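**Q**
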Amino acid sequence: MLDQAFTLPEDPEELRSFTARLLAEVKSQAILIEKLRHQLAGHRAHRFGASSETVEQLQLALETSEIAAAAMTARMKLPDIEEKDKPKRRPIPDHISRMEVELTPSSDACADCGGCLRRIGEDVTEELEYVPGRFIVNRIVRPRLTCSCCERFVQAPLPSRPIERGRPGPGLLSHVLVSKYADHLPLYRQSQIFDREGLDLDRSTLADWVGKSTALLEPLADAIGRHVLSAEAIFADDTPVRMLAPGTGKTQTARLWTYARDERPWAGTAPPAAWYRFSGDRKGQHPKDHLARFRGWMHADGYAGFEDLYRSGAIREVACMAHVRRKFVDIHRSQGSPIAEEAIGRIAQLYAVEKQAKGSPPERRAELRRAHAAPVFDDLERWLAMQLTTISGKSPLAAA
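First residue of the sequence shown: 200, per our numbering; consecutive thereafter.
#1: With distance defined between alpha-carbon atoms, name the residue in Asp399, Ala444, Gly424 nearest to Lys287.
#2: Indicate the three-state DSSP secondary structure (helix, strand or coil) for Pro369 in the structure shown.
#3: Sort out for me which residues DSSP pairs His172 with in a bridge.
#4: Inspect the CB distances between the stretch 317-324 and the stretch 332-346 and report whether three or more fall short of 8 Å.
#5: How would you call Ser412, buried or exposed, if buried means at least 16 neighbouring beta carbons within 10 angstroms?
#6: CB Cys349 to CB Asp311, shorter than 7 Å?
#7: Taking Ile335 and Ser296 to be in contact with their CB atoms under 8 Å, please state how far apart those CB atoms are, rounded to whole angstroms.
#8: Beta strand (DSSP E) containing Ser478: first to last residue?
#9: Is there contact here, the stretch 402-422 with the stretch 431-442, by at least three beta-carbon pairs under 8 Å?
#10: I need the straight-line Cα distance from Ala542 to Ala597, nearest angstrom please.
#11: Rounded C-beta distance between Pro211 and Phe217? I'm assuming under 8 Å.
#12: Ends of the alpha helix (DSSP H) at Val377?
#13: In the structure shown, what three-state DSSP assignment does Asp307 receive?
#14: Of all the options Arg289, Arg317, Asp529, Leu384, which has the alpha carbon lying nearest to the alpha carbon of Glu262?
#15: Reducing DSSP to helix, strand and coil, say where Pro342 ends up.
#16: Where does Pro537 sit, in a helix, a strand or coil, going by DSSP?
#17: DSSP on Ser591, reduced to helix/strand/coil?
#18: Would you tell me roughly how many angstroms separate the C-alpha atoms of Asp436 and Ser511, rounded to the nearest one?
#19: In terms of alpha-carbon separation, which member of Ser429, Val300, Pro331 lies closest to Pro358?
#20: Check this for me: beta carbons of Trp408 and Arg564, under 7 Å apart or not?
#21: So, with DSSP's three-state summary, where would you put Ile360?
#22: Alpha carbon to alpha carbon, how far is Pro369 from Thr303? Give it in angstroms, no decimals.
#23: Can you give me the C-alpha to C-alpha distance between Ala469 and Glu462, rounded to a whole angstrom?
#24: Only counting the same chain, and skipping five residues up and downstream in sequence, which positions put a Cβ closer than 7 Å to that of Cys315?
#25: CB Leu579 to CB Arg545, shorter than 7 Å?
#26: Taking the C-alpha atoms as reference points, what is the distance between Ile514 and His498?
#27: Is Thr468 helix, strand or coil when you go by DSSP?
#28: What do you get for Val225, buried or exposed, if any count of 16 or more other CB atoms within 10 angstroms of its CB means buried?
#29: Can you give me the C-alpha to C-alpha distance between Gln389 and Val552, rounded to a whole angstrom?
#30: Could you please give me the residues that DSSP links to Tyr550 through a beta bridge?
#31: Which class does Asp322 belong to by DSSP, given the choice of helix, strand or coil?
#32: Give me, in chain order, the residues of the same chain whose beta-carbon lies closer than 7 Å to that of Leu549; leave out the 5 immediate sequence neighbours on both sides.
#33: Under three-state DSSP, which class holds Thr413?
#34: Can you tell me the Cβ-Cβ gap for Ala432 and Trp496, rounded? I've got them flagged as a contact below 8 Å.
#35: Bridge partners of Trp456, per DSSP?
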């Protein structure tokens, strides 16, 4: 109505009617404007505002610091020191069911004089455990026995536990670790889940458990690394990871480096394994340090940071055809290039040969590649060189 040309009526009655319609239109527009403003504010808050995700990132950063501190403490094996300001440990809630295990000495007779042992009391250690879907408490009861003849004191030893003087059982620790690292469930969220069960396990407690668990698992990670690096050939790649920069409140791009050993494609018998390393940036020094002991072939992308490894001669490069193919796929998707499409088809012929050779011994694989893949690859190289003469040297297709 407002964008139409009009003349004010001269008749008073018509003027009142026109004014009423105009006011109704203004009211309708005002309501619409308010709705749009509300929607816009919501979008701005979602995109630019201090969202809950920012708080989550801060929580994750704090968890990382506490885990590292707990892991370092566990490695140092410091003597037990009574902490004066340490808050008193809260008891495990009574509503958590108890499963009692009583540990008694192997013999009812005194080891010194052969007299009969009689019960004079007991020590009870409560260990919080997790059974999928529910919590239980393992009550480890160790009767204190004394000899009726010579007063010798006897008691069964406490079994080995993942965390010395700690409450969590191995099942609960496994659950926390899997939830954090496999299910991507931060510790503060796990703490909230435990709270719904009536368990007071704050984030700092969980962080301490995770830190001590990582110290226990380090020998296993080192063994995996030695197994991977003892191979004749490995696969290497890195993945960007967003990480909070300490003290800045901003994020930076860290790297998760993966080194894999998998001999199944050439009928190898060694178990496949992957070894992971973390770094705060993508400098070439990191893979150089990781692979200092490795000698052999490395299947990787064209990352420039690997060049120093190849120059030494200890590591021989195996270029990755999947990365070559990916460049042509990206160009074909964005531009619909017929040249890129044909390149993809020619590379598919190489993939077909590899599919046929998969699982065969090295000698058979080499035979198939020489007979079938080498001619295709040579033809592909000549064809690509010819295409370069027909396209701009500065185009993305030429770069591919």
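Cβ atoms here follow ideal geometry from the backbone N, Cα and C, with glycine treated the same way.
Only a predicted model underlies this, so the values are computations on that prediction, with no experimental measurement involved.
**A** Looking at the coordinates:
#1: To locate residue 287, count along the sequence shown from 1; it is residue 88. The residue with the shortest Cα to Cα distance from Lys287 is Asp399.
#2: As a position in the sequence shown, residue 369 is number 170, starting the count at 1. For Pro369, the secondary structure class from DSSP, reduced to helix, strand or coil, is helix.
#3: Lying outside 200 to 599, the shown extent of the chain, residue 172 is not represented and no answer is given.
#4: Touching, yes, given that three or more Cβ pairs across the two stretches are closer than 8 Å.
#5: One-based indexing of the sequence shown puts residue 412 at position 213. Burial state of Ser412 is buried, judged by a 10 Å Cβ sphere holding 16 or more other Cβ atoms.
#6: Position 150 of the sequence shown holds residue 349. Position 112 of the sequence shown holds residue 311. A contact, by the Cβ cut-off of 7 Å.
#7: Counting from one through the sequence shown, the residue named residue 335 turns up at place 136. Counting from one through the sequence shown, the residue named residue 296 turns up at place 97. By a beta-carbon distance limit of 8 Å, Ile335 contacts Ser296. Their separation comes to about 5 Å.
#8: Within the sequence shown, residue 478 is the residue found at index 279, counting from 1. Counting along the chain, the unbroken beta strand (DSSP E) around Ser478 starts and ends at 472-478.
#9: These segments do not touch.
#10: Locating residue 542 in the sequence shown gives position 343, counting from the first residue. Locating residue 597 in the sequence shown gives position 398, counting from the first residue. Approximately 12 Å between the Cα atoms of the pair.
#11: Taking the sequence shown and counting its residues from 1, the one referred to as residue 211 is at position 12. Taking the sequence shown and counting its residues from 1, the one referred to as residue 217 is at position 18. Their Cβ separation, rounded to whole angstroms, is 11 Å, which puts Pro211 and Phe217 out of contact at 8 Å.
#12: Locating residue 377 in the sequence shown gives position 178, where the first residue counts as 1. Counted as a single uninterrupted DSSP element, the stretch harbouring Val377 is not any alpha helix (DSSP H), since DSSP gives it neither H nor E.
#13: Taking the sequence shown and counting its residues from 1, the one referred to as residue 307 is at position 108. In the structure shown, Asp307 falls within a coil segment according to DSSP collapsed to helix, strand and coil.
#14: In the sequence shown, counting from the first residue as 1, residue 262 sits at position 63. Checking every option, the nearest Cα to that of Glu262 belongs to Leu384.
#15: The sequence position of residue 342 within the sequence shown is 143, counting from 1. Note: Pro342 maps to strand in three-state DSSP.
#16: Within the sequence shown, numbered from 1, the residue matching residue 537 stands at position 338. In the structure shown, the three-state DSSP call for Pro537 is helix.
#17: As a first step, residue 591 must be located in the sequence shown, where it is residue number 392. Here Ser591 sits in coil by DSSP.
#18: Your numbering for residue 436 matches position 237 in the sequence shown. Your numbering for residue 511 matches position 312 in the sequence shown. Asp436 and Ser511 have their C-alpha atoms spaced approximately 20 Å apart.
#19: As a first step, residue 358 must be located in the sequence shown, where it is residue number 159. The option with the nearest alpha carbon to Pro358 is Val300.
#20: Translated into the one-based positions of the sequence shown, residue 408 becomes position 209. Translated into the one-based positions of the sequence shown, residue 564 becomes position 365. Trp408 is not a Cβ neighbour of Arg564, given a cutoff of 7 Å.
#21: As a working mapping, residue 360 is identified with position 161 in the sequence shown. Sequence inspection shows Arg at residue 360; the Ile mentioned does not correspond to that position. Three-state result, Arg360: coil.
#22: Mapped onto the sequence shown, residue 303 falls at position 104. Mapped onto the sequence shown, residue 369 falls at position 170. Roughly 22 Å separates the two Cα atoms.
#23: The sequence position of residue 469 within the sequence shown is 270, counting from 1. The sequence position of residue 462 within the sequence shown is 263, counting from 1. Within the model, the alpha-carbon separation for Ala469 versus Glu462 is close to 7 Å.
#24: The count along the sequence shown starts at 1 and reaches residue 315 at position 116. Here Cys315 has Asp307, Ala308, Ser347 as same chain residues with Cβ atoms under 7 Å from its own Cβ, once five neighbours each way along the sequence are excluded.
#25: To locate residue 579, count along the sequence shown from 1; it is residue 380. To locate residue 545, count along the sequence shown from 1; it is residue 346. For Leu579 and Arg545, yes; Cβs fall inside 7 Å.
#26: Within the sequence shown, numbered from 1, the residue matching residue 514 stands at position 315. Within the sequence shown, numbered from 1, the residue matching residue 498 stands at position 299. Ile514 and His498 have their alpha carbons spaced roughly 10 Å apart.
#27: Here residue 468 corresponds to residue number 269 of the sequence shown, with the count starting at 1. DSSP places Thr468 in coil when its eight states are reduced to three.
#28: Locating residue 225 in the sequence shown gives position 26, counting from the first residue. Its Cβ having fewer than 16 others within 10 Å, Val225 is exposed.
#29: Position 190 of the sequence shown, counted from the start, is the residue given in the question as residue 389. Position 353 of the sequence shown, counted from the start, is the residue given in the question as residue 552. A straight line joining the alpha-carbon of Gln389 with that of Val552 spans about 49 Å.
#30: Counting from one through the sequence shown, the residue named residue 550 turns up at place 351. In DSSP, Tyr550 forms no bridge with anything.
#31: The residue you call residue 322 lines up with position 123 of the sequence shown. Three-state DSSP puts Asp322 in a strand.
#32: For the purposes of this step, residue 549 is identified with residue 350 of the sequence shown, where counting begins at 1. Cβ neighbours of Leu549 within its own chain (closer than 7 Å, five residues either side excluded): Met520, Ala572, Val575, Phe576.
#33: The count along the sequence shown starts at 1 and reaches residue 413 at position 214. Shown here, Thr413 sits in a helix according to DSSP, grouped into three states.
#34: Within the sequence shown, the letter at position 233 stands for residue 432. Within the sequence shown, the letter at position 297 stands for residue 496. Going by Cβ atoms, the distance from Ala432 to Trp496 rounds to 4 Å, so yes, they are a contact pair.
#35: Residue numbering aside, residue 456 sits at position 257 when the sequence shown is read from its first letter. Answer is Asp437, Arg476.
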